[in-house]
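Counting in full-length UniProt numbering, the sequence shown runs without a single skipped number right up to 235 at its last residue. The beta carbon of each residue, even a glycine, is placed where N, CA and C say it ideally should be. The structure appears right after this line, and notes come after that.
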Amino acid sequence: MVLTNGFSYQIIKLVKKSAHFDKGVIDPKIIIGAVVIGAIVVFFIATGNFKFSASVNNQQTSTSSQTSTETSTPTKEEPSAPKTKTYTNSTYGLSLEYPEDWSMKENPATGIVVAFGSPKESSDDKFVDNVNVSFTNLSSKDALTLDQLADAWLKETENSAPTFKLLDRQHTSVAGETAEQLVYSFSNKGMDMKGMVVITMKNKMAYIVTYSAEEGSYDKFVDAANTMVSSLKLD
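Given below as structure tokens:
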């Protein structure tokens with residue numbers, strides 16, 4: 001399948017800048033060494049061009065606030081659910097919950113509605129693990145099915161990223177709609193990466209949620225990514 005118009009294949013290339021850290025705020029230029037398929041971003045390398053804030057300081061505050069209470073009869077306390085914020089975008093008719101210690105940036109690149117950045121794990125952390133939401137108008141492709149859409153995403157990504165490896169593919173549901181979930185790995189600039197993309201369709205629109213992480217920290221934030229996906233609502 002050849003993708004045309006808004007569903008075309010592009011490589012976004014930005015000039016690398018050095019990172020700057022100040023009081024827990026990362027303000028680097030992010031290289032989106034990214035495969036964009038109808039505005040689908042596969043990965044963000046945190047040396048690039050939009051600001052993710054709120055990281056180590058917020059994480060330390062959250063940790064210090066979790067204190068136990070002494071009781072005469074010790075009991076096993078269930079961990080409290082992580083606190084979240086609600087993101088709503090009336091223009092694209094979507095909303096979702098995201099962790100309060102993650103940063104948020106709207107319209108960081110063409111076709112991306114919003115991106116969320118995880119807390120930095122240390123001052124040496126060169127990659128902001130992230131979740132982003134993008135969309136593609138399918139009004140000119142009435143006959144396109146979800147499986148064909150996922151197949152096209154997979155084909156274009158495999159062609160553009162030689163180290164790309166599909167690890168898992170399965171059907172799921174998002175916002176009451178059937179969806180495809182793909183888990184994959186790849187290498188870029190000497191970094192071993194792992195990601196997950198969830199693709200669904202509604203009202204002639206394709207919605208794509210992408211989670212990208214360093215391979216070693218993928219499991220640390222995947223629950224947060226899954227929670228964001230499961231909380232997604234589409235009008």
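| task | Determine whether the Cβ of tryptophan 102 lies closer than 7 angstroms to any Cβ atom of chain C. | result | Given the protein chain composition of this structure (a single chain), no chain C is represented.
| By the 10 Å Cβ neighbour count, where 16 or more other Cβ atoms means buried, how is asparagine 132 classified, buried or exposed? | buried
| query | What do you get for glutamate 180, buried or exposed, if any count of 16 or more other CB atoms within 10 angstroms of its CB means buried? | reply | Of the residues assessed, glutamate 180 falls on the buried side of the cut-off, its CB having 16 or more other CB atoms within 10 angstroms.
| Beta-carbon separation of methionine 205 and phenylalanine 135 under 7 angstroms? | yes
| request: In the DSSP assignment, find the beta strand (DSSP E) that holds leucine 166 and state where it starts and stops. | output: 165-174
| task | For threonine 172, collect the residues of the same chain with a Cβ closer than 6 angstroms to its Cβ; drop the 5 residues on either side in sequence, then sort them by chain order. | result | Ala179, Gln181
| request: Could you tell me which residues DSSP pairs with aspartate 192 in its beta bridges? | output: Ser187
| message | Pull the bridge partners of serine 212 from the DSSP assignment, please. | response | Asn130, Gly195
| request: Name the one or two DSSP bridge partners that tyrosine 207 has. | output: Phe135, Thr200
| For valine 114, the residue or residues it bridges with in DSSP | Glu106, Val133
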